[in-house]
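> Quick one: the structure is below, questions incoming.
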Amino acid sequence: RAKDRGRGITIEFEEEFDRDTKVQAELEEHLRQTLSTGGIGVAYQPLVHASSGAICGVEALARWQRADGTRHGPDMFIPLAERSGLIDILGMQVLEKSLKAAKRWTDITLAINVSPLQLKNPKFVQNVLDALAVAEFDPQRLCIEVTEGVLISDPEQAQRAISGLKDAGIKISLDDYGSGFASIGTLRQFGFDRMKIDRSLILALGNDENGGAVLQATIALANALHIPVTAEGIETEAQAMAVRLCGCDELQGYLFSRPVTEDEITAFYFGEIPAAASGVM
Ligand code: C2E
Ligand code: MG
Ligand code: MG
Ligand code: MG
């Protein structure tokens with residue numbers, strides 16, 4: 448009888464597994480559909496100067512709303528796109544749309560996120576340069592955000608891609624800094640133009656007594672290497688004050704603005720509305 452029960456569990460497990468696989472396959476099909484009609488959306492979140500609070504850049508963040516209105520977050524659909532070979536198309540769609548939008552915001556930086564898999568594509572650098580040329584967008588105003596993952600899994604290819612981008616004048620920023628294991632050697636070797644402190648370090652400020660010391664030491668290391676630092680995930684005045692004192696020169700977070708639509712950033716950029724009055728996206 449124990450054997451029967453065992454088989455029952457196996458069958459149940461297999462059914463659940465099949466259901467999951469089916470759900471995944473359906474989601475992938477939905478994503479493919481959205482991409483085929485150029486339907487991936489982009490939200491924009493301002494970055495502000497730590498001292499003046501003036502806007503100095505925007506980060507483009509992918510948004511996906513299915514035909515039936517269902518929304519999924521990037522933490523779900525970016526890995527889905529990576530698994531199903533759709534990340535290159537998705538990434539290019541976000542890039543092309545945001546270059547077009549950011550053209551009007553003439554004296555600020557456009558930051559976009561790039562998956563490690565995109566950097567591994569030997570055509571990636573040329574694709575970015577082509578998109579810049581088509582959009583007639585100044586490469587100096589583009590910043591590409593990469594995470595540590597890329598440096599660890601394939602450092603040589605990453606180095607080649609990063610060098611190619613930097614040669615064209617594009618800025619490279621290390622995203623989510625402090626959440627992983629990047630060594631001092633890595634930080635120097637890749638010649639990052641900027642680092643973005645991970646939100647977990649900001650959260651640690653309020654949570655444990657060493658939080659402030661870790662944040663301070665992390666920013667001090669970047670400063671010692673002459674790499675400017677952005678703090679992300681700033682939600683309160685106290686957090687803004689703390690990271691300013693530690694030497695961050697740019698801030699990003701809900702305190703200033705949530706990610707919003709292209710039109711809202713445009714209004715914000717031209718001084719028509721304060722960022723805080725914008726809607727959420
Ligand atoms: P990220 O690049 O670290 O982006 C910052 C994330 O933190 C965004 O989440 C943003 O909405 C959120 N955020 C900003 N300020 C605050 C704050 O004050 N409090 C809190 N709680 N959150 C804040 P989002 O848009 O859900 O994106 C999540 C991640 O998905 C991004 O993290 C990035 O790694 C990835 N991602 C988004 N768009 C793209 C894309 O176009 N391509 C690729 N490859 N990855 C993307
Ligand atoms: Mg980012
Ligand atoms: Mg980040
Ligand atoms: Mg992140």
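If you count by UniProt numbering, then the sequence shown holds residues 448 to 728, one letter each, in order. No residue lacks a Cβ here, since even glycine has one placed at the ideal position from N, Cα and C. All values reported here derive from a predicted model rather than from experimental measurement.
(1) Return yes when the Cβ of V541 is within less than 8 Å of the Cβ of I559, no when it is not.
(2) Quick check on the burial criterion: 16 or more other C-beta atoms within 10 angstroms. Buried or exposed for R530?
(3) Are L648 and T633 close, meaning C-beta to C-beta below 8 Å?
(4) Evaluate R641 with the Cβ neighbour count: other Cβ atoms within 10 Å of its Cβ, from every protein chain shown; 16 or more gives buried, anything less gives exposed.
(5) How about P521: is its Cβ closer than 7 Å to a heavy atom in ligand 1?
(6) Helix, strand or coil, according to DSSP, for L527 in the structure here?
(7) Kindly indicate the opening and closing residues of the alpha helix (DSSP H) around I591.
(8) For the alpha helix (DSSP H) that N654 lies in, which residues bound it at each end?
(9) Across which residues does DSSP place E506 in a beta bridge pair?
(10) Please work out which residues of its chain come closer than 7 Å, Cβ to Cβ, to I609, disregarding the five sequence neighbours upstream and downstream, and give them in chain order.
(11) Hey, how far is the Cα of A714 from the Cα of L612?
(12) Indicate, with yes or no, if ligand 1 has a heavy atom lying under 7 Å from the CB of V690.
(13) Flag E592 as yes when its Cβ comes closer than 7 Å to any non-hydrogen atom of ligand 2, and as no otherwise.
(14) With a Cβ-Cβ cutoff of 8 Å, do C693 and L672 count as a contact?
(15) Once the 5 residues before and after S600 are set aside, which same chain residues still bring their CB inside 7 Å of it?
(16) Tell me, to the nearest whole angstrom, how far the beta carbon of I536 is from that of V505; I am working on the premise that it is less than 8 Å.
(17) Evaluate the contact criterion for the segment 582 to 600 versus the segment 650 to 659: three or more CB pairs, one atom per stretch, below 8 Å.
(18) Counting only runs that start and end within the segment 621 to 706, where is the alpha helix (DSSP H) found for 4 or more residues in a row?
(19) Taking DSSP's pairing of strands, which residues face R518 in a bridge?
Here's the rundown:
(1) A contact, by the Cβ cut-off of 8 Å.
(2) It is exposed - the Cβ of R530 has fewer than 16 other Cβ atoms within 10 Å.
(3) No, the pair does not count as a contact, with Cβ atoms beyond the cut-off.
(4) R641 should be labelled buried.
(5) Yes.
(6) L527: helix per DSSP, three-state reduction.
(7) Premise fails: I591 lies in the beta strand (DSSP E), 589 to 593, not in any alpha helix (DSSP H).
(8) Annotation for N654: the continuous alpha helix (DSSP H) segment containing it runs 646 to 654.
(9) For E506, which the question treats as bridged, DSSP gives the partners Q492, A558.
(10) Same-chain partners within the cutoff: I619, F637.
(11) Going by the C-alpha atoms only, they are around 31 Å apart.
(12) Distances between the C-beta of V690 and the heavy atoms of ligand 1 are all 7 Å or more.
(13) Checking every heavy atom of ligand 2 against the Cβ of E592, one is found closer than 7 Å.
(14) No, Cβ-Cβ distance for C693 and L672 is not below 8 Å.
(15) If we look at S600 and ignore the five residues flanking it on each side, its Cβ neighbours are P563.
(16) About 22 Å separates the CB atoms of I536 and V505; that is not less than 8 Å, and the two are not in contact.
(17) Segments in contact, no.
(18) The segment 621 to 706 is shown to contain whole alpha helix (DSSP H) runs of 4 or more residues at 631 to 636, 646 to 654, 658 to 671, 684 to 693, in chain order.
(19) Partner(s): Q512.
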